[in-house]
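Per the working numbering, the very first residue in the sequence shown carries number 1238; after that it's consecutive.
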Amino acid sequence: MGRVGWLMGAAAAAALLAGATTAGAQQPPSRVLRMATSVDAATLDPHATNALFTFLVVHQVYEGLTWRGDDLKVHPGLATRWEQVEPTRWRFHLRDGVRFAGGEAFDSDDVVFSIQRALAPTSNYGIFVDTVQAVEARDRLTVDVVTRVPDPVIPDKMTRVLIMDRGWSEANRATVPQNFAQREETATVRNANGTGPYVIRNREVDQRTVMVRNPNWWGSQNGGVARGNVTEYHHITLTSDATRVAALLSGEVDFVHVVPVQDVARIQRDQRLRILEGQENRTVWIGMRQDVEELQGSDVRGRNPLKDLRVRQAIAHAMDLDALRRTTLRGQGVPTGSMWTEFVNGWARETDRRTPHDPARARALLAEAGYPNGFSVPMDCPVGTYDEACQAVAAMLARVGIRAQLTIHPNAVFSQRVRRQEPMMYMLSWGVPTFDGSYTLRAIMASRSVGGAATWNAGGYSNPAFDAMLPRIDAEQDPERRRALIREAHAMHNADLGHIPLYHMMIPWAVRTGVTVQHRADNQFQVREIRVE
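#1: Rounded to a whole number of angstroms, what is the C-alpha to C-alpha distance between His-1296 and Gly-1433?
#2: Hey, quick one: how far does the alpha helix (DSSP H) through Ile-1512 stretch, first residue to last?
#3: Any idea if Glu-1717 is buried or exposed, counting beta-carbon neighbours within 10 angstroms, 16 or more meaning buried?
#4: Report, in whole angstroms, the separation of the C-beta atoms of Met-1743 and Leu-1722, which I expect to be a contact under 8 Å.
#5: Using a threshold of 7 Å, state whether the C-beta atoms of Val-1311 and Pro-1387 are closer than that.
#6: Entirely within the segment 1615-1669 and at least 3 residues each: give me those beta strand (DSSP E) ranges in chain order.
#7: Could you spell out where the beta strand (DSSP E) holding Trp-1319 opens and where it closes?
#8: Within the continuous beta strand (DSSP E) that includes Phe-1329, where are the two ends?
#9: Helix, strand or coil, according to DSSP, for Pro-1313 in the structure here?
#10: Starting from Asn-1731, follow the beta strand (DSSP E) in both directions and report where the run begins and ends.
#11: List the whole-angstrom C-beta distance separating Gln-1198 from Arg-1420, where the pair is believed to meet the contact cut-off of C-beta under 8 Å.
#12: Do Phe-1343 and Val-1380 count as a contact pair if the criterion is CB distance below 7 Å?
#13: Please report the residue range of the beta strand (DSSP E) in which Asp-1595 lies.
#14: Note down, in chain order, each residue of its chain lying with its Cβ closer than 6 Å to the Cβ of Arg-1720, except the 5 sequence neighbours on either side.
#15: Taking just the CA atoms, how far does Asn-1430 sit from Leu-1475?
#16: So, under 8 Å CB-CB, Arg-1403 and Phe-1365 are touching, yes? Tell me the CB distance rounded to an integer number of Å.
#17: I need the straight-line Cα distance from Ser-1506 to Gly-1638, nearest angstrom please.
#18: Whether or not the segment 1628-1645 and the segment 1287-1301 are in contact is what I'm after, with contact meaning three or more pairs of Cβ atoms, one per stretch, closer than 8 Å; do they touch?
#19: Just to check, is the beta-carbon of Tyr-1663 closer than 6 Å to a non-hydrogen atom of the ligand ATP?
#20: Taking the alpha carbon of Arg-1591 as the reference point, which residue from Trp-1746, Pro-1738, Tyr-1676 has its own alpha carbon closest?
#21: From which residue to which residue does the alpha helix (DSSP H) around Val-1482 run?
#22: For Arg-1354, collect the residues of the same chain with a Cβ closer than 8 Å to its Cβ; drop the 5 residues on either side in sequence, then sort them by chain order.
#23: Asp-1491: which of Val-1548, Leu-1270, Thr-1578 sits nearest, CA to CA?
#24: Have a look at Gly-1688 and Gln-1527 and give me their C-alpha separation to the nearest angstrom.
#25: Taking the alpha-carbon of Met-1448 as reference, which of Thr-1468, Pro-1615, Gly-1456 has the nearest alpha-carbon?
#26: What are the start and end residues of the beta strand (DSSP E) that includes Ile-1737?
#27: Would you tell me roughly how many angstroms separate the C-alpha atoms of Asp-1759 and Pro-1615, rounded to the nearest one?
#28: Would you mind listing the alpha helix (DSSP H) stretches within the segment 1396-1426 that are 4+ residues and don't spill past its ends, in chain order?
#29: Buried or exposed, going by whether 16 or more other CB atoms sit within 10 Å of the CB of Arg-1481?
#30: So, with DSSP's three-state summary, where would you put Arg-1445?
#31: Which word fits Val-1521, buried or exposed, when buried means at least 16 other C-beta atoms lie within 10 angstroms of its C-beta?
#32: Report back the beta-carbon spacing between Thr-1578 and Gln-1516 to the nearest angstrom; my notes put them in contact at under 8 Å.
#33: For the alpha helix (DSSP H) containing Asp-1393, list its first residue and its last residue.
#34: By DSSP, does Phe-1612 sit in helix, in strand, or in coil?
#35: Helix, strand or coil: which one does DSSP assign to Gly-1583?
#36: For Gly-1611, count neighbouring Cβ atoms within 10 angstroms of its own Cβ and tell me buried if that reaches 16, exposed if not.
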């Protein structure tokens, strides 16, 4: 990254800290929150990679036009209100008097710039702007988002399109997002300048990011909108499960965001600690490379077994999801046949039917497809929240003759491999931050040519009949008919076994007594809402 970008970030942080010190007695008592999780943000660029752990950091600093509260509903953010003035035109009325951490005034030009930036080829946030045709500034505090087709979830999508200052981005040569897949280094990888409640004081990649309250945050003025009292936030990365739990038990951290399932009961027995748990709006599934004629690294030559529906059916029959939940997950999972949870608009019981566990049927299907002795295939997984499940799945595949050569990568490496469409078989956890099925339909199930910049379809699943459903869903304005079309498309994908859903994740959090935080199905939290006593 360029030295100019680093100096600008440091100067802004120093100015803010000086302002906070000058305020002296006017400042609230210091409240420090130390939170430990398993994976660090891969970048500070707010449009570079659409990953849970990255968003967990950057959305403390940057804000969208809207934000999703602890009630999981959409609330005003940098926009105070919005309306659909035409079927394909949403109008957002912006908050006056907002400034970025560096002191720059926020206005409609920054919104136009940021949405256009999210549309850039290097952006990984295309799924949130996939229907956007144009962004128009009507005046200093009014912006129109024009879509190609009616899009009822634009306000939901805007919770994830974080707003940057155009001038700061231009000065730091960061007008387009970092090319994360190609490991590009830009000023925005390690520097941030948002309008949000916190600014970054210090960042040690893969170790610790320290944030302090932004004294100029609009939400702190006129009585404020936040319920929390945290003045300093330490976002700590501890990749080892044992180390993370030990830090909580010793009092070195106040909050653990990723709790190993094997330690839940132990933590519950400690009267100084509390477990907060519930089902996450996130599903773990198997992806399979279906767009190549031969699998790299497989012992099958000249053919791709994963292109054969019978092989994909065999993989599904090999999965003993009840055993996976009982043993590997220690009860912290919900076996499923659906690609999304019941929290998502478009979920239906009939599309949540699981393929029965039947190893004998799996072996028969493999023989019928021409693989009586099975075959080998490389399999990719990330370290972290479901690597043990990956190992269990590989063992289940081996029992029916599919020899999965499992490699567990660091999270950033795994994400880059998926973005470059390199894995032959892989497991991925997928959340739905818009809480609408169209998010997964377009990003995971649609042909890559249809999904475009939004696509995470690393396996290359493609069904023209499925793709033809998407314009119908986009154009349908009746909510119930739209849900029916989403269910129809989901059923079509399930019949193909384009991906093989395994389970919905459970997300236990652990906090010490005196920390008040709302457990959320999207596995996110806003530090501004947390109280520490």
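Beta carbons: idealized from backbone N, C-alpha and C, even for Gly.
Per the coordinate set shown:
#1: As a working note, residue 1296 is residue 59 in the sequence shown. As a working note, residue 1433 is residue 196 in the sequence shown. For the pair His-1296 and Gly-1433, the Cα-to-Cα distance works out to about 8 Å.
#2: Residue numbering aside, residue 1512 sits at position 275 when the sequence shown is read from its first letter. Looking at the DSSP string, Ile-1512 is not in any alpha helix (DSSP H); the run it does join, the beta strand (DSSP E), is 1510-1513.
#3: Numbered from 1 along the sequence shown, position 480 holds the residue referred to as residue 1717. A residue is called buried once 16 or more other Cβ atoms fall within 10 Å of its Cβ, and Glu-1717, having fewer, is exposed.
#4: For the purposes of this step, residue 1743 is taken as the residue at position 506 of the sequence shown. For the purposes of this step, residue 1722 is taken as the residue at position 485 of the sequence shown. Contact between Met-1743 and Leu-1722 is ruled out by a C-beta separation of about 30 Å, above the 8 Å threshold.
#5: Your numbering for residue 1311 matches position 74 in the sequence shown. Your numbering for residue 1387 matches position 150 in the sequence shown. With respect to Pro-1387, Val-1311 sits apart: the two C-beta atoms are not nearer than 7 Å.
#6: Fully enclosed beta strand (DSSP E) runs of 3 or longer: 1639-1646, 1662-1668.
#7: As a first step, residue 1319 must be located in the sequence shown, where it is residue number 82. Run containing Trp-1319: 1316-1323, per the beta strand (DSSP E) assignment.
#8: In the sequence shown, counting from the first residue as 1, residue 1329 sits at position 92. Note, Phe-1329: beta strand (DSSP E), 1326-1331.
#9: Here the question's residue 1313 lines up with position 76 in the sequence shown. Correct three-state label for Pro-1313: strand.
#10: As a working note, residue 1731 is residue 494 in the sequence shown. According to the DSSP assignment, Asn-1731 belongs to no beta strand (DSSP E) but to the alpha helix (DSSP H) extending over 1716-1733.
#11: Absent from the model: residue 1198. The displayed extent of the chain is 1238 to 1770, so no value can be given.
#12: Residue numbering aside, residue 1380 sits at position 143 when the sequence shown is read from its first letter. Residue numbering aside, residue 1343 sits at position 106 when the sequence shown is read from its first letter. Against a cut-off of 7 Å, the Cβ pair of Phe-1343 and Val-1380 comes out as no contact.
#13: Here residue 1595 refers to the residue found at position 358 of the sequence shown. Asp-1595: not part of any beta strand (DSSP E); DSSP gives it neither H nor E.
#14: For the purposes of this step, residue 1720 is identified with residue 483 of the sequence shown, where counting begins at 1. Only Gly-1583 meet the Cβ criterion.
#15: Numbered from its first residue, the sequence shown carries residue 1475 at position 238. Numbered from its first residue, the sequence shown carries residue 1430 at position 193. Using only the alpha carbons, I get a separation of about 26 Å.
#16: Here residue 1403 corresponds to residue number 166 of the sequence shown, with the count starting at 1. Here residue 1365 corresponds to residue number 128 of the sequence shown, with the count starting at 1. That pair is no contact at about 19 Å.
#17: The residue given as residue 1506 occupies position 269 in the sequence shown. The residue given as residue 1638 occupies position 401 in the sequence shown. Here residue 1506 is Arg; the residue named in the question, Ser, does not match the sequence. Rounded to the nearest whole angstrom, the CA to CA distance from Arg-1506 to Gly-1638 is 42 Å.
#18: Short answer: they don't touch.
#19: The ligand ATP is not part of the structure shown, which contains no ligands of any sort.
#20: For the purposes of this step, residue 1591 is taken as the residue at position 354 of the sequence shown. Closest option to Arg-1591, Cα to Cα, is Pro-1738.
#21: Reading the sequence shown from its first residue, position 245 is the one you call residue 1482. 1478-1487 is the span of the alpha helix (DSSP H), which, as asked, contains Val-1482.
#22: Along the sequence shown, one-based indexing puts residue 1354 at 117. Excluding sequence positions up to five before and after Arg-1354, its CB lies within less than 8 Å of the CB of His-1284, Ser-1360, Met-1401, Ser-1406, Thr-1412, Val-1413, Pro-1414, all in the same chain and listed in chain order.
#23: To locate residue 1491, count along the sequence shown from 1; it is residue 254. Ranking the options by Cα distance to Asp-1491, first place goes to Leu-1270.
#24: Taking the sequence shown and counting its residues from 1, one reaches residue 1688 at position 451. Taking the sequence shown and counting its residues from 1, one reaches residue 1527 at position 290. Cα-Cα distance, rounded: 16 Å.
#25: Working through the sequence shown from its first residue, we reach residue 1448 at position 211. Ranking Thr-1468, Pro-1615, Gly-1456 by CA distance to the CA of Met-1448 puts Thr-1468 first.
#26: Sequence index remark: in the sequence shown, residue 1737 carries index 500 (1-based). From DSSP, the beta strand (DSSP E) with Ile-1737 extends over 1736-1743.
#27: Sequence index remark: in the sequence shown, residue 1759 carries index 522 (1-based). Sequence index remark: in the sequence shown, residue 1615 carries index 378 (1-based). Near 31 Å, if we compare the C-alpha coordinates of Pro-1615 and Asp-1759.
#28: Listed in chain order, the alpha helix (DSSP H) runs fully inside the segment 1396-1426 are 1403-1408, counting runs of at least 4 residues.
#29: In the sequence shown, counting from the first residue as 1, residue 1481 sits at position 244. Arg-1481 should be labelled buried.
#30: Mapped onto the sequence shown, residue 1445 falls at position 208. It is a strand residue.
#31: Numbered from 1 along the sequence shown, position 284 holds the residue referred to as residue 1521. It is buried - the Cβ of Val-1521 has at least 16 other Cβ atoms within 10 Å.
#32: Mapped onto the sequence shown, residue 1578 falls at position 341. Mapped onto the sequence shown, residue 1516 falls at position 279. Yes, Thr-1578 and Gln-1516 are in contact; Cβ-Cβ is about 7 Å, under 8 Å.
#33: Locating residue 1393 in the sequence shown gives position 156, counting from the first residue. Here the alpha helix (DSSP H) through Asp-1393 covers 1391-1394.
#34: The sequence position of residue 1612 within the sequence shown is 375, counting from 1. Assigned with DSSP and collapsed to three states, Phe-1612 falls in strand.
#35: As a first step, residue 1583 is located in the sequence shown; it is residue number 346 there, counting from the start. Coil at Gly-1583, not helix or strand.
#36: As a position in the sequence shown, residue 1611 is number 374, starting the count at 1. It counts as buried.
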